[in-house]
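Asks: Sequence lines, in order, name chains A and B. Position 1, counted from 1, in the first sequence is what the numbering used here calls 41; the numbers after and before it change by one each time, with no gaps. Position 27, counted from 1, in the second sequence is what the numbering used here calls 816; the numbers after and before it change by one each time, with no gaps. Every residue gets a Cβ at the ideal spot worked out from N, C-alpha and C, and that includes glycine.
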Amino acid sequence: LNGGAVPSAPPTYT
Amino acid sequence: MAVVNEGALKKMLSKQYKYRDLTVREIVNVISHYKDLKPVMDAYVFNDGSTRDLMSLTGTVPVSYRGNVYNIPVCLWLLDTYPYNPPICFVKPTSTMMIKTGKHIDANGKIYLPYLHEWKHPQSDLFGLIQVMIVVFGEEPPVFSRPTTQTPYQPFQP
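#1: How big is the Cα-Cα spacing for residue 831 (chain B) and residue 52 (chain A)?
#2: Distance check for residue 877 (chain B) and residue 911 (chain B), CA to CA, integer angstroms please.
#3: State yes or no: is the beta carbon of residue 934 (chain B) nearer than 8 Å to at least one beta carbon in chain A?
#4: Taking 7 Å as the limit between beta carbons, can you name the residues of its chain near residue 829 (chain B), skipping five residues before and five after?
#5: Within the continuous beta strand (DSSP E) that includes residue 841 (chain B), where are the two ends?
#6: Rounded C-beta distance between residue 932 (chain B) and residue 49 (chain A)? I'm assuming under 8 Å.
#7: For residue 800 (chain B), does the count of other Cβ atoms within 10 angstroms reach 16, so buried, or fall short, so exposed?
#8: Is the Cβ-Cβ distance between residue 872 (chain B) and residue 815 (chain B) less than 8 Å?
#9: Would you verify that the beta carbon of residue 922 (chain B) is, or is not, closer than 8 Å to some beta carbon of chain A?
#10: Applying the 10 Å Cβ sphere with the 16-neighbour rule, what's the burial state of residue 917 (chain B)?
#11: From the beta carbon of residue 930 (chain B), is the nearest beta carbon of chain A less than 8 Å away?
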């Protein structure tokens, strides 16, 4: 089954 | 290629949608291109507390940022007057993400874009909106991953 893309976000640049 | 069933979509769209054929055609166009956006009928809560069952496109859009591609989680609500009114758009951060408020994003994750503000059918459509979102988010991501707290204390080595 197409589980769909895993949500992701850029790392926090501290 | 998952065949998207227009008939099923039309059934999903509640009777209140005034321009169902136009709306279904746009949804089919978008979800056959952006495979991770799914049509979902759900209750939308308006600012005055009233709720209404509306169609949303929920999932992620691919955004390139600093050489990597991220799947930014979004939810695009279609009012029952769509396409004569713009969608109401949100980023939907997961528990490991935090919203980066700014010119285009408020603390609730609501998305503000000139493309939405100046919405005009038929020049404006869902496909164009998502393309603008991808460009804008590629310059200024609406969400970032929460920093993982590195524990400075090293566990005792027996």
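Replies: Per the coordinate set shown:
#1: Whole-angstrom Cα-Cα distance: 32 Å.
#2: The alpha-carbon atoms of residue 911 (chain B) and residue 877 (chain B) are separated by roughly 17 Å.
#3: For residue 934 (chain B), the answer is yes, since a Cβ of chain A falls inside 8 Å of its Cβ.
#4: Taken in chain order, the residues that qualify are 845, 847.
#5: Start and end: 840-854.
#6: With a Cβ gap of about 4 Å, residue 932 (chain B) and residue 49 (chain A) count as contacting.
#7: Residue environment: residue 800 (chain B) is assigned as exposed (fewer than 16 neighbouring CB atoms within 10 Å of its CB, all protein chains considered).
#8: In this structure, residue 815 (chain B) lies closer than 8 Å to residue 872 (chain B) by Cβ.
#9: The beta carbon of residue 922 (chain B) sits no closer than 8 Å to any beta carbon of chain A.
#10: So residue 917 (chain B) counts as exposed.
#11: The beta carbon of residue 930 (chain B) sits closer than 8 Å to some beta carbon of chain A.
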